[in-house]
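Participant: If you scroll down you'll find the structure; I have some questions about it.
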Amino acid sequence: MIIRQLPFDHPDAVKLNDQVQAEYHVRYGDGGDATVLAPEDFEPPGGVFLIAYDETGAPVATGGWRAQDANEEGNLDGDAELKRMYVVDAMRGRGLARRILAALEEDARAAGRRRMVLETGDQQPEAIALYTSSGYGPCAKFGYYRHYESSRCFAKPLTP
Numbered sequence: 001m002i003i004r005q006l007p008f009d010h011p012d013a014v015k016l017n018d019q020v021q022a023e024y025h026v027r028y029g030d031g032g033d034a035t036v037l038a039p040e041d042f043e044p045p046g047g048v049f050l051i052a053y054d055e056t057g058a059p060v061a062t063g064g065w066r067a068q069d070a071n072e073e074g075n076l077d078g079d080a081e082l083k084r085m086y087v088v089d090a091m092r093g094r095g096l097a098r099r100i101l102a103a104l105e106e107d108a109r110a111a112g113r114r115r116m117v118l119e120t121g122d123q124q125p126e127a128i129a130l131y132t133s134s135g136y137g138p139c140a141k142f143g144y145y146r147h148y149e150s151s152r153c154f155a156k157p158l159t160p
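The numbers in the UniProt record's numbering rise by one with no breaks, and the one at position 143 of the sequence shown is 143.
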């Protein structure tokens, strides 16, 4: 597996983002994640976007982080917000999400971020299991979905 850092608007990122949005729609029936994201959110040093490729060169997984500081949506200074973690169906259960998560944590830590935060939903038990088994714990709700009952927010300190 090869993990590459690419822009959020790269064609492979767009393709996988469309797939994850379709999955969100199936799970929640709401058309997908309405959180506003821009390609510049994932430009170093204020963020990064990763795509994993299989041995044939096909894009099979994604994940990114973007810098957040104290704001009206509940973030704290030094936050790195995890976004668009996704693995295609055929590649699930092989540790790809865990590898991408570790790479994102390391990158955010190197960029001086103090805490990795994420928002997921109650219809994504696999995601919740990944994050809790990776040292994330519940935190105060933040972000676009902070007022939704189905929203679940987690955080992990990024200690050096």
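C-beta: ideal position from N, C-alpha, C; glycine also.
Using only alpha-carbon positions, find the residue among Val26, Asp54, Trp65 that is nearest to Glu43.
Facilitator: Position 43 of the sequence shown, counted from the start, is the residue given in the question as residue 43. Residue Trp65 is the option with its Cα nearest to Glu43.
Participant: Starting from Lys83, follow its DSSP beta bridges and name the residues at the other end.
Facilitator: Here residue 83 corresponds to residue number 83 of the sequence shown, with the count starting at 1. For Lys83, which the question treats as bridged, DSSP gives the partners Gly64.
Participant: Taking the beta carbon of Gly57 as the centre, do at least 16 other beta carbons fall within 10 Å, making it buried, or is it exposed?
Facilitator: Within the sequence shown, residue 57 is the residue found at index 57, counting from 1. By the 10 Å Cβ count, Gly57 comes out exposed.
Participant: Identify, in the order they occur along the chain, each residue of the same chain with its Cβ nearer than 8 angstroms to the Cβ of Lys15, setting aside the five sequence neighbours on each side.
Facilitator: Residue numbering aside, residue 15 sits at position 15 when the sequence shown is read from its first letter. Here the set comprises Pro59.
Participant: Give the range of the alpha helix (DSSP H) segment to which Gln21 is assigned.
Facilitator: Taking the first residue of the sequence shown as position 1, residue 21 is located at position 21. 11–28 is the extent of the alpha helix (DSSP H) around Gln21.
Participant: What does the alpha-carbon distance come out to for the pair Gly116 and Leu158?
Facilitator: Locating residue 116 in the sequence shown gives position 116, where the first residue counts as 1. Locating residue 158 in the sequence shown gives position 158, where the first residue counts as 1. According to the sequence displayed, residue 116 carries Met and not Gly. The straight-line gap from Cα to Cα measures roughly 7 angstroms.
Participant: Pull up the DSSP beta-bridge partners for Tyr53, would you.
Facilitator: Position 53 of the sequence shown, counting from 1, holds the residue named residue 53. DSSP, once it has assigned bridges, lists Ile2, Pro59 as partnering Tyr53.
Participant: Please report the straight-line C-alpha distance between Glu126 and Val87, rounded to a whole angstrom.
Facilitator: The count along the sequence shown starts at 1 and reaches residue 126 at position 126. The count along the sequence shown starts at 1 and reaches residue 87 at position 87. Near 11 angstroms, if we compare the C-alpha coordinates of Val87 and Glu126.
Participant: Could you spell out the range, first to last residue, of the beta strand (DSSP E) harbouring Thr159?
Facilitator: Counting from one through the sequence shown, the residue named residue 159 turns up at place 159. Following the DSSP letters along the chain, one finds Thr159 in no beta strand (DSSP E), marked with neither H nor E.
Participant: Can you find the residues in the same chain that come closer than 7 angstroms, C-beta to C-beta, to Arg84, ignoring five residues on each side of it along the sequence?
Facilitator: Numbered from its first residue, the sequence shown carries residue 84 at position 84. Result list for Arg84: Asn17, Val20, Thr62, Gly63, Gly64, in chain order.
Participant: Which term fits Ile100, buried or exposed, when burial requires 16 or more other beta carbons within 10 angstroms of its beta carbon?
Facilitator: As a first step, residue 100 is located in the sequence shown; it is residue number 100 there, counting from the start. Buried, by the Cβ-count rule.
Participant: Around the Cβ of Gly121, are there at least 16 other Cβ atoms within 10 angstroms (buried) or fewer (exposed)?
Facilitator: Locating residue 121 in the sequence shown gives position 121, where the first residue counts as 1. So Gly121 counts as buried.
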